[in-house]
Amino acid sequence: MAIGIIMEFDGFTPENYDAVSEQIGWPTNWPDGLTFHVAGPAADGMRLVEIWDSREQHERWMEEMVQPGIQEAAAEAAAAAPPPRFTEFAVHAQETR
């Protein structure tokens with residue numbers, strides 16, 4: 008079953024997001040299992056919402072690509088921010104147009 012994940016990165020800016028994206032080759036380097044991604048500024052930082060085929064695919068992407076990309080491209084913001092928050096939910100329906 009697909010899972011949805013809401014990620015909240017307090018203290019991060021759109022510029023941090025863009026720098027990390029460039030560092031990891033995103034979105035050209037699209038990971039297996041990711042079917043939906045959206046990101047935008049939130050009150051305290053950046054919020055991302057993704058839909059994945061499995062939790063394991065998301066965890067692998069975070070461990071192998073995103074976390075190293077953050078350390079390379081946004082280490083200062085990461086050091087000053089609390090750990091990101093993750094909220095997971097079962098995807099009941101997904102429609103796009």
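Be aware that the sequence shown starts at 8, since it is given in the numbering used here, and climbs by one per residue.
Ideal placement from N, C-alpha and C gives every residue a C-beta, glycine not left out.
The structure displayed is predicted, hence computed values, not measured ones.
query: Evaluate I13 with the Cβ neighbour count: other Cβ atoms within 10 Å of its Cβ, from every protein chain shown; 16 or more gives buried, anything less gives exposed.; result: exposed
query: Could you please give the first and the last residue of the uninterrupted alpha helix (DSSP H) stretch that includes D39?; result: No alpha helix (DSSP H) holds D39; DSSP gives it neither H nor E.
query: Does G76 pass the burial test, meaning 16 or more other C-beta atoms within 10 Å, or should it be called exposed?; result: buried
query: Whose C-alpha, out of W37, F19, M8 and E15, is nearest the C-alpha of N80?; result: The question names Asn, but residue 80 in the sequence shown is Ala. Comparing Cα positions, the closest option is F19.
query: Cβ of F93 within 8 Å of Cβ of M53?; result: no
query: Is E29 near the ligand NAP, going by C-beta to nearest heavy atom under 7 Å?; result: You won't find the ligand NAP in this model; it holds no ligand whatsoever.
query: Just list the beta strand (DSSP E) runs in the stretch 40 to 94, keeping only unbroken ones of 3 residues or longer that don't cross its boundaries, in chain order.; result: 41 to 49 and 52 to 59
query: Does the stretch 29 to 44 touch the stretch 83 to 90, meaning 3 or more C-beta pairs lie closer than 8 Å?; result: no
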